[in-house]
Amino acid sequence: AQTVTQSQPEMSVQEAETVTLSCTYDTSESDYYLFWYKQPPSRQMILVIRQEAYKQQNATENRFSVNFQKAAKSFSLKISDSQLGDAAMYFCAYKIRGGADGLTFGKGTHLIIQP
Amino acid sequence: EPEVTQTPSHQVTQMGQEVILRCVPISNHLYFYWYRQILGQKVEFLVSFYNNEISEKSEIFDDQFSVERPDGSNFTLKIRSTKLEDSAMYFCASLSEELYGYTFGSGTRLTVV
Numbered sequence: 469a470q471t472v473t474q475s476q477p478e479m480s481v482q483e484a485e486t487v488t489l490s491c492t493y494d495t496s497e498s499d500y501y502l503f504w505y506k507q508p509p510s511r512q513m514i515l516v517i518r519q520e521a522y523k524q525q526n527a528t529e530n531r532f533s534v535n536f537q538k539a540a541k542s543f544s545l546k547i548s549d550s551q552l553g554d555a556a557m558y559f560c561a562y563k564i565r566g567g568a569d570g571l572t573f574g575k576g577t578h579l580i581i582q583p
Numbered sequence: 101e102p103e104v105t106q107t108p109s110h111q112v113t114q115m116g117q118e119v120i121l122r123c124v125p126i127s128n129h130l131y132f133y134w135y136r137q138i139l140g141q142k143v144e145f146l147v148s149f150y151n152n153e154i155s156e157k158s159e160i161f162d163d164q165f166s167v168e169r170p171d172g173s174n175f176t177l178k179i180r181s182t183k184l185e186d187s188a189m190y191f192c193a194s195l196s197e198e199l200y201g202y203t204f205g206s207g208t209r210l211t212v213v
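First to last, the protein sequences are chains A and B.
The first sequence: position 23 = 491 (the working numbering), numbered continuously.
The second sequence: position 93 = 193 (the working numbering), numbered continuously.
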């Protein structure tokens with residue numbers, strides 16, 4: 469069974485600074501997708517960024533980028549120029565490519581932005 | 101931008117009662133999902149639905165749960181006899197292609213008293 473581990477229950481960063489959220493996963497599969505979702509206090513789940521395992525290039529979406537290390541099974545999220553609106557729970561998620569099974573989530577990291 | 105719509109946003113029910121949670125997925129999506137998030141815990145997969153039938157389900161999705169898509173638009177989750185431990189946020193999600201990730205609804209907060 470696949471597992472996703474987020475070892476940081478909470479992180480704090482000053483506004484405009486850079487923060488990195490950690491995620492590791494365990495799988496015997498070689499072809500899969502990885503996602504970061506943001507959950508603000510409204511509890512809506514918002515897709516932040518996605519990565520295909522067969523792509524070596526790290527995904528980037530504006531201020532959000534990932535460091536995908538397939539051999540190490542690591543998928544960290546870097547947020548640059550942190551903004552107050554970035555404050556939320558961040559969940560790392562895994563899905564094997566193909567098949568109808570759902571996402572496997574980590575327990576989440578609560579990100580606090582200090583003004 | 102297309103949205104997944106869930107109703108109601110909050111439902112309070114008595115233990116033992118049946119509840120139906122409703123979702124309207126994005127119209128051209130083909131795969132539909134229900135997830136559960138107990139307060140303070142991670143999001144857990146319940147069930148996936150494709151081509152009008154269940155594709156996969158987790159251990160959580162036992163006989164008290166059922167899903168259906170009665171009219172080609174709505175996608176419902178029924179809990180037959182609610183228990184206190186069913187209190188959670190229930191998210192519906194839909195998917196067109198895996199690469200693009202899932203679009204989640206805003207959730208239904210179910211409180212069983």
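Cβ coordinates follow ideal geometry from the N, Cα and C atoms, glycine included.
Exercise for review: Look up A188 of chain B in the DSSP assignment and give the residues it is bridged to.
Suggested key: Within the second sequence, residue 188 of chain B is the residue found at index 88, counting from 1. Within the DSSP bridge table, the entry for A188 of chain B names B:L210 as partners.
Review point. Measuring CA to CA, which of A:L515, A:A555, A:A521 is closest to T495 of chain A?
Key: Within the first sequence, the letter at position 27 stands for residue 495 of chain A. It is A:A521.
Exercise for review: Determine, using beta carbons only, whether G553 of chain A comes closer than 8 Å to chain B.
Suggested key: On the first sequence, position 85 is the one that residue 553 of chain A refers to. G553 of chain A does not count as touching chain B.
Check your understanding: DSSP state of D554 of chain A, grouped into three classes?
Key -> Translated into positions along the first sequence, residue 554 of chain A becomes position 86. If DSSP states are grouped into helix, strand and coil, D554 of chain A belongs with the helices.
Practice item. Mind checking who V644 of chain A pairs with in its DSSP beta bridge? Key: In this structure chain A extends from 469 to 583, so residue 644 of chain A is not present and cannot be described.
**Study point:** Euclidean distance between Cα positions of V472 of chain A and T572 of chain A
**Key:** Taking the first residue of the first sequence as 1, we reach residue 472 of chain A at position 4. Taking the first residue of the first sequence as 1, we reach residue 572 of chain A at position 104. Rounded to whole angstroms, V472 of chain A to T572 of chain A spans 7 Å at the Cα level.
Exercise for review: Just tell me which of B:K157, B:Q114, B:E197 has its CA closest to the CA of R136 of chain B.
Suggested key: For the purposes of this step, residue 136 of chain B is identified with residue 36 of the second sequence, where counting begins at 1. Looking at the Cα atoms, B:K157 is the closest of the given residues.
Point to revise | Sequence-distant residues of its chain with Cβ nearer than 8 Å to A561 of chain A (five each side left out) | key: Here residue 561 of chain A refers to the residue found at position 93 when the first sequence is read from its first residue. Contacts found: V472, L502, F503, W504, Y505, L571, T572, F573, G574.
Point to revise | Proximal residues of chain A, C-beta to C-beta of S155 of chain B below 9 Å | key: The count along the second sequence starts at 1 and reaches residue 155 of chain B at position 55. Within chain A, the residues near S155 of chain B are G567, A568, D569.
Practice item. State the start and end residues of the unbroken beta strand (DSSP E) segment that holds I580 of chain A. Key: Residue mapping note: residue 580 of chain A aligns to position 112 of the first sequence, counting from 1. Run containing I580 of chain A: 577-582, per the beta strand (DSSP E) assignment.
Point to revise | For T486 of chain A, three-class secondary structure by DSSP | key: As a first step, residue 486 of chain A must be located in the first sequence, where it is residue number 18. Note: T486 of chain A maps to coil in three-state DSSP.
Review point. Within 8 Å (strictly less), CB to CB, does S206 of chain B reach chain A?
Key: Taking the first residue of the second sequence as position 1, residue 206 of chain B is located at position 106. Yes, because at least one Cβ of chain A sits closer than 8 Å to the Cβ of S206 of chain B.
Exercise for review: Could you name the residues of the same chain whose beta carbon sits closer than 6 Å to that of K523 of chain A, not counting the 5 residues immediately before and after it, in chain order?
Suggested key: The residue you call residue 523 of chain A lines up with position 55 of the first sequence. Within the same chain, and ignoring the five residues on either side of K523 of chain A in sequence, no residue has its Cβ closer than 6 Å to its Cβ.
Review point. According to DSSP, which residues form a beta bridge with M479 of chain A?
Key: Locating residue 479 of chain A in the first sequence gives position 11, where the first residue counts as 1. For M479 of chain A, the pairing in a beta bridge is given by DSSP as A:L579.
Check your understanding: So, are the CB atoms of L545 of chain A and F532 of chain A less than 8 Å apart?
Key -> Within the first sequence, numbered from 1, the residue matching residue 545 of chain A stands at position 77. Within the first sequence, numbered from 1, the residue matching residue 532 of chain A stands at position 64. For L545 of chain A and F532 of chain A, yes; Cβs fall inside 8 Å.
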